[in-house]
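>
Chains as they are written, first to last, in UniProt numbering: chain G, 1 to 466; chain Y, 1 to 466.
(1) Comparing the CB of residue 197(G) with every heavy atom of the ligand FMN, is any distance shorter than 7 Å?
(2) Could you tell me which whole alpha helix (DSSP H) segments of length 4 or greater appear in the region 113–193 of chain G?
(3) Per DSSP, which residues does residue 456(Y) bridge with? Please list them.
(4) By Cβ distance below 8 Å, which residues in the same chain neighbour residue 86(Y) in space, the five residues on each side in sequence not counted?
(5) At what residue ranges does the region 357–407 of chain G contain a whole run of the beta strand (DSSP E), taking only runs of 3 or more?
(6) Identify which residue in 460(Y), 453(Y) and 457(Y) has its Cα closest to the Cα of residue 35(Y).
(7) Taking the beta carbon of residue 40(G) as the centre, do at least 16 other beta carbons fall within 10 Å, making it buried, or is it exposed?
(8) May I have a chain-ordered list of the beta strand (DSSP E) segments no shorter than 3 residues that lie completely inside the region 282–366 of chain Y?
(9) What do you reckon, are the CB atoms on residue 198(Y) and residue 157(Y) nearer than 8 Å?
(10) Here's the rule I'm using: 16 or more other beta-carbon atoms within 10 Å means buried, otherwise exposed. How should residue 325(Y) be labelled?
(11) Give the single residue among 203(Y), 165(Y) and 439(Y) whose Cα lies nearest to the Cα of residue 417(Y).
(12) Quick one: list the residues of chain Y neighbouring residue 267(G), beta-carbon separation under 7 Å, in chain order.
(13) Using a beta-carbon distance cut-off of less than 8 Å, what residues from the region 419–441 of chain Y approach chain G?
(14) Could you please tell me which residues of the region 171–204 of chain Y, in chain order, have their CB closer than 7 Å to any CB of chain G?
(15) State the start and end residues of the unbroken alpha helix (DSSP H) segment that holds residue 232(Y).
(16) Which two residues bound the contiguous beta strand (DSSP E) that contains residue 103(G)?
(17) What are the boundary residues of the alpha helix (DSSP H) that residue 54(Y) is part of?
(18) Locate the alpha helix (DSSP H) running through residue 68(G), then write down its first and last residues.
(19) Around the C-beta of residue 31(G), are 16 or more other C-beta atoms found within 10 angstroms, so that it is buried, or is it exposed?
(20) I'd like to know whether the C-beta of residue 234(Y) is nearer than 8 Å to at least one C-beta of chain G.
(21) What's the C-alpha gap between residue 130(Y) and residue 244(Y)?
(22) Check the Cβ-Cβ distances between residue 415(Y) and every residue of chain G, and say whether any is below 8 Å.
(23) Keeping to the same chain, check which residues put their C-beta closer than 6 Å to that of residue 455(G); ignore five residues upstream and five downstream.
(24) For the pair the region 381–388 of chain Y and the region 347–366 of chain Y, tell me if three or more CB-CB distances fall below 8 Å.
(25) Check whether chain G comes within 8 Å of residue 112(Y), counting only Cβ atoms and requiring the distance to be less than that.
(26) Taking Cβ positions, are residue 99(G) and residue 327(G) nearer each other than 8 Å?
(27) Can a CB atom of chain Y be found closer than 8 Å to the CB of residue 460(G)?
(28) Relative to the C-alpha of residue 459(G), which residue among 425(G), 423(G) and 348(G) is closest?
(29) Alpha carbon to alpha carbon, what distance is there between residue 95(Y) and residue 175(Y)?
(30) For residue 181(Y), which of 202(Y), 136(Y) and 204(Y) has the nearest alpha-carbon?
(31) For a contact meaning CB atoms closer than 9 Å, what does residue 231(Y) contact in chain G?
(32) Can you tell me the Cβ-Cβ gap for residue 155(Y) and residue 247(Y), rounded? I've got them flagged as a contact below 8 Å.
(33) Closer than 7 Å by C-beta to residue 451(Y): which residues in its own chain qualify, once you throw out the five before and the five after it? Chain order, please.
(34) Over the uninterrupted alpha helix (DSSP H) stretch that includes residue 421(G), give me the two end residues.
(35) Would you tell me roughly how many angstroms separate the C-alpha atoms of residue 295(Y) and residue 438(Y), rounded to the nearest one?
(36) Between the Cα of residue 479(Y) and the Cα atoms of 370(Y), 354(Y), 403(Y) and 162(Y), which residue gives the shortest distance?
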């Protein structure tokens with residue numbers, strides 16, 4: 001998951017579909033509600049989503065965008081869609097700059113010499129810097145540092161992320177990652193360190209993309225594991241501390257990966273689609289289980305279970321495994337650009353990219369004429385312990401570029417209380433996934449997608465007037 | 001903590017002190033019981049043990065026996081004893097072979113290529129091996145493998161350690177580490193992998209010493225992090241898997257470290273001592289907080305708090321920070337060898353080397369004539385939530401060589417439910433210590449040592465007849 005996208009599009013998108021006042025009210029037929037209830041129970045009893053996630057994270061493992069694992073993940077997804085019997089399977093190219101991590105290390109120097117565990121932020125340049133560390137309690141403190149005041153020094157933002165079910169603690173911590181390096185450069189720093197944007201206490205640092213503002217010369221930038229940030233803070237409380245940071249990483253040309261798409265063909269309006277999906281790429285440190293193997297696995301499984309129904313829904317179910325979400329929503333942007341002409345054929349879209357915890361809330365951008373159908377979906381989700389919270393949330397990261405153009409979206413909010421214990425760390429591995437929670441997710445996505453695809457009427461997807 | 005020592009000496013030592021049938025019964029004076037109760041409350045309100053542990057783990061950090069950190073730890077301990085006002089501070093040399101870890105990595109090769117997180121076992125030779133992995137569910141299965149059956153292959157023992165308050169799960173898991181490599185060599189293996197002897201689910205492998213039986217040529221031997229053992233097992237379930245293991249590590253000559261000793265002089269029998277302590281060395285991966293910075297910190301604090309009393313106990317309190325426990329009880333053996341002539345001057349000894357969890361049980365080797373005094377100690381410990389469990393347990397690792405010669409010992413059993421989540425991993429860091437639990441430990445050791453040093457009569461320490 002990317003820091004900035006999660007809640008970015010709500011205000012722009014919520015009412016974007018209200019194009020005609022006299023529009024017919026959208027409704028879901030009773031028969032579809034009955035079928036959805038059966039589908040829900042079938043999905044809860046199935047381990048398909050869990051097994052697909054196991055397959056991706058085991059057989060491919062890490063799949064950093066542009067890496068050899070990325071290419072294997074694309075081949076895996078194509079093969080998996082076909083194996084599952086999706087009616088159409090295809091890929092769409094996604095081109096982006098390629099960033100590589102080769103090695104990284106850090107040591108406290110001098111009388112208290114010891115290693116520190118850190119990881120380069122995505123987008124960091126290579127470089128070895130040695131310097132006295134200057135600690136800042138938060139990003140605002142660093143941003144207030146005078147130009148040149150950190151010359152030859154290493155800036156360290158020691159902001160502690162807060163745990164929250166909805167992941168709201170990631171907002172300020174994500175900014176420490178995305179904006180901290182540029183602030184450090186403006187103050188003259190030679191290197192940038194941050195306490196990991198994480199809620200754990202393990203020696204596994206959290207990576208994630210950063211960026212450097214136009215006109216600045218990038219500096220080596222990395223995140224310390226939480227215990228190492230604690231340790232550095234303790235050492236700094238004793239007196240000046242000098243640290244050596246050695247990063248070998250950087251950008252290396254362009255790479256073309258693929259959005260991989262599988263479709264279950266609808267029975268009456270096959271050219272209209274309900275889109276669900278996750279992102280296929282991961283960070284390199286773990287095996288991308290909660291971020292976002294689970295999202296891919298559970299939406300593939302939901303599509304497959306809908307495909308198994310005797311009576312297909314009216315519209316097609318399109319499952320998208322997006323390329324390179326982590327480094328800038330490249331797959332989502334490519335999808336939005338390519339499919340802009342058929343935006344109106346997208347009934348409703350939902351992306352799963354917040355782990356594998358139970359879904360606890362449902363919301364969507366449904367306009368007034370679709371609110372009754374939206375409530376019907378919520379009613380079918382309620383037995384899964386999912387609350388209807390209209391007017392909250394926003395689209396998942398990879399559908400947000402399309403949502404900005406007018407795509408109708410839904411949000412199936414996962415419990416992310418533990419998500420940032422693992423997010424972007426080596427610890428993001430398959431063993432962390434609870435199969436029962438994942439089955440609940442599959443059930444929710446299957447019910448949601450089936451009902452949206454069965455609705456008579458639309459959910460307001462329509463190109464926005466600029 | 002070393003695997004083999006924890007419960008090794010009970011049967012030999014329990015009654016070793018019963019040298020004379022007409023011996024006078026040992027008793028603790030009422031005034032000492034009153035003072036001990038005050039000492040207990042003072043210790044519970046103090047953060048001294050926590051602060052000493054913080055100082056060692058922060059300022060020295062990792063202190064692998066024979067490393068530069070080892071030398072700094074010795075200097076730290078000498079300075080800390082002096083700073084705390086111990087009456088006598090000295091060192092005693094401990095010589096041992098030096099083992100170094102330089103680098104380590106592993107990858108699955110072929111269609112499912114991906115890195116695996118592992119760490120060399122202490123004592124492993126350097127080497128790079130590539131081979132097909134053969135999985136064994138436990139040590140017995142590997143030991144049953146026919147000679148030559150693993151030629152050119154890598155043996156992998158996938159035994160899962162069980163969690164237990166008393167750490168009993170470490171017995172069988174420790175054997176996988178100590179005996180597995182030799183069993184693998186006998187079957188012809190080129191390399192040895194084991195699931196970490198740990199109860200966590202984090203990507204931090206557990207190191208620890210291994211050994212190779214006489215006459216065998218050592219092979220590269222390492223422990224996979226628990227999630228990586230899971231991953232390798234899943235890959236092997238899919239078909240053959242080839243792995244590359246590259247370890248750069250090994251023995252490099254002899255090194256002389258020091259047992260560091262501080263003494264609070266007794267008021268009436270200064271030449272008799274109650275010995276408490278922990279071990280000063282740690283593994284290199286973490287900062288040795290629970291293993292065994294806490295043991296050093298809490299026993300130093302207990303000694304200091306006794307030293308603060310207006311009325312000193314009759315005997316001296318000797319706090320020993322033992323050298324190189326991890327690689328074979330070298331400090332404990334050196335202490336036993338050097339002090340064999342004055343074994344009878346050692347009233348009673350207890351070592352803390354099982355983390356920083358609350359103490360829940362007390363036992364000792366007290367012979368019949370000291371059982372009343374032993375019960376008095378237990379009575380003074382009871383308000384700390386400590387149960388008296390006579391006839392159980394054994395001496396801590398570093399006092400076990402001396403206990404085998406006849407030293408009377410006590411055991412203050414810590415809750416180790418979480419100990420093997422962290423033990424011998426990078427995650428053994430100061431942030432894992434609960435200050436309240438550590439203060440309870442300090443209180444227990446202070447009460448214990450003070451009362452044993454105040455007793456009229458002995459606890460049965462006497463050289464054993466061979």
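All C-beta atoms, glycine included, are put in the ideal place defined by N, C-alpha and C. Remember, predicted model here, so these are calculated numbers, not experimental data.
The answer reads as follows:
(1) Within the structure as shown, the ligand FMN is missing, as the structure has no ligands at all.
(2) 139–143 and 170–186
(3) As a first step, residue 456(Y) must be located in the second chain, where it is residue number 456. Looking at the DSSP assignment, residue 456(Y) forms a beta bridge with 27(Y).
(4) Locating residue 86(Y) in the second chain gives position 86, where the first residue counts as 1. 262, 263, 264, 303, 304, 307 and 319, listed in sequence order.
(5) 359–364
(6) Taking the second chain and counting its residues from 1, one reaches residue 35(Y) at position 35. For residue 35(Y), the nearest C-alpha among the options comes from 453(Y).
(7) Counted from its first residue, the first chain places residue 40(G) at position 40. With 16 or more other Cβ atoms within 10 Å, it is buried.
(8) 315–322, 346–351 and 359–364
(9) Position 198 of the second chain, counted from the start, is the residue given in the question as residue 198(Y). Position 157 of the second chain, counted from the start, is the residue given in the question as residue 157(Y). Contact flag unset, no.
(10) Within the second chain, numbered from 1, the residue matching residue 325(Y) stands at position 325. Residue 325(Y) comes out buried.
(11) Numbered from 1 along the second chain, position 417 holds the residue referred to as residue 417(Y). It is 165(Y) whose Cα lies nearest to the Cα of residue 417(Y).
(12) Numbered from 1 along the first chain, position 267 holds the residue referred to as residue 267(G). The premise fails here: residue 267(G) is roughly 37 Å from chain Y at the closest Cβ pair, so nothing lies under 7 Å.
(13) 425, 426, 427, 429, 430, 431 and 432
(14) 201, 202, 203 and 204
(15) Here residue 232(Y) corresponds to residue number 232 of the second chain, with the count starting at 1. Counting along the chain, the alpha helix (DSSP H) containing residue 232(Y) begins and ends at 226–238.
(16) Residue numbering aside, residue 103(G) sits at position 103 when the first chain is read from its first letter. From DSSP, the beta strand (DSSP E) with residue 103(G) extends over 88–108.
(17) Numbered from 1 along the second chain, position 54 holds the residue referred to as residue 54(Y). For residue 54(Y), the uninterrupted alpha helix (DSSP H) run begins and ends at 48–55, by DSSP.
(18) In the first chain, counting from the first residue as 1, residue 68(G) sits at position 68. 68–83 is the extent of the alpha helix (DSSP H) around residue 68(G).
(19) In the first chain, the residue the question calls residue 31(G) occupies position 31. Residue 31(G) counts as exposed, since fewer than 16 other beta carbons sit within 10 angstroms of its beta carbon.
(20) Residue 234(Y) sits at position 234 when you count from the first residue of the second chain. Taking CB atoms only, residue 234(Y) has a neighbour in chain G less than 8 Å away.
(21) As a working mapping, residue 130(Y) is identified with position 130 in the second chain. As a working mapping, residue 244(Y) is identified with position 244 in the second chain. Their Cα atoms are separated by approximately 4 Å.
(22) Here the question's residue 415(Y) lines up with position 415 in the second chain. False, the Cβ-Cβ gap to chain G never drops below 8 Å.
(23) Here the question's residue 455(G) lines up with position 455 in the first chain. Around residue 455(G): 26, 28 and 373.
(24) yes
(25) If you number the second chain from 1, residue 112(Y) lands on position 112. The C-beta of residue 112(Y) comes closer than 8 Å to at least one C-beta of chain G.
(26) Taking the first chain and counting its residues from 1, one reaches residue 99(G) at position 99. Taking the first chain and counting its residues from 1, one reaches residue 327(G) at position 327. Result yes, Cβ atoms of residue 99(G) and residue 327(G) sit closer than 8 Å.
(27) Here residue 460(G) corresponds to residue number 460 of the first chain, with the count starting at 1. By this cut-off, residue 460(G) is not an interface position.
(28) Taking the first chain and counting its residues from 1, one reaches residue 459(G) at position 459. Of the listed residues, the one whose Cα sits closest to residue 459(G) is 348(G).
(29) As a working note, residue 175(Y) is residue 175 in the second chain. As a working note, residue 95(Y) is residue 95 in the second chain. Residue 175(Y) and residue 95(Y): Cα-Cα distance of roughly 26 Å.
(30) Sequence index remark: in the second chain, residue 181(Y) carries index 181 (1-based). Checking every option, the nearest Cα to that of residue 181(Y) belongs to 136(Y).
(31) Stepping through the second chain from its first residue, residue 231(Y) is reached at position 231. 57, 58, 61, 287, 429, 430 and 431, listed in chain order.
(32) For this step, residue 155(Y) is matched to residue 155 along the second chain. For this step, residue 247(Y) is matched to residue 247 along the second chain. Contact doesn't hold; Cβ gap of about 15 Å is too wide.
(33) Within the second chain, the letter at position 451 stands for residue 451(Y). Hits under 7 Å: 28, 32, 36, 376, 377 and 380.
(34) Position 421 of the first chain, counted from the first residue, corresponds to residue 421(G). From DSSP, the alpha helix (DSSP H) with residue 421(G) extends over 419–422.
(35) Indexing the second chain from 1 puts residue 295(Y) at position 295. Indexing the second chain from 1 puts residue 438(Y) at position 438. Looking at the two C-alpha atoms, the distance is approximately 9 Å.
(36) Any question about residue 479(Y) goes unanswered here, given that chain Y covers just 1 to 466.
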